[in-house]
Amino acid sequence: MKATTLVNGDRYRAMITNFFIPELNSHDVQELWFQQDGATCHTARATIDLLKDTLGERLISRFGPVNWPPRSCDLTLIDYFFGAM
152 MKATTLVNGD RYRAMITNFF IPELNSHDVQ ELWFQQDGAT CHTARATIDL LKDTLGERLI
212 SRFGPVNWPP RSCDLTLIDY FFGAM
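Per the working numbering, numbering through the sequence shown is continuous, rising by one, with the last residue being 236.
Below, the structure is given as structure tokens:
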């Protein structure tokens, strides 16, 4: 039987802190937008605060500065902005 590791808020924030932010800082990406779905570990208050501190207003997420539309887990970034035009 294969072991399974679940991603909770603490693990997700550790991944952001230990891998995503250092990688982000090693590239010239001032205009990067970050999009995530409404998974519980993605929308925990501590996670949203961490991402807002890192990305400012360039976060598309449930409870983020740019709200991820409800029941739309299959939308892509282009679908989201095309629909707003």
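Ideal Cβ positions, reconstructed from N, Cα and C, are used throughout, including at glycine.
The C-alpha of LEU206 is placed about 13 Å away from the C-alpha of ASP179.
When the Cα atoms are used, PRO216 and GLY160 turn out to be separated by approximately 19 Å.
Only exposed fits SER177, as fewer than 16 other CB atoms lie within 10 angstroms of its CB. Residue range 196-206 is occupied by the alpha helix (DSSP H) that includes ASP200.
Nearest to ALA197 by alpha-carbon distance, out of ARG162, PHE185, GLN186, is ARG162.
Each of GLY189, ILE167, GLN181, ASP204 was checked against the Cα of TRP219, and the nearest Cα belongs to GLY189.
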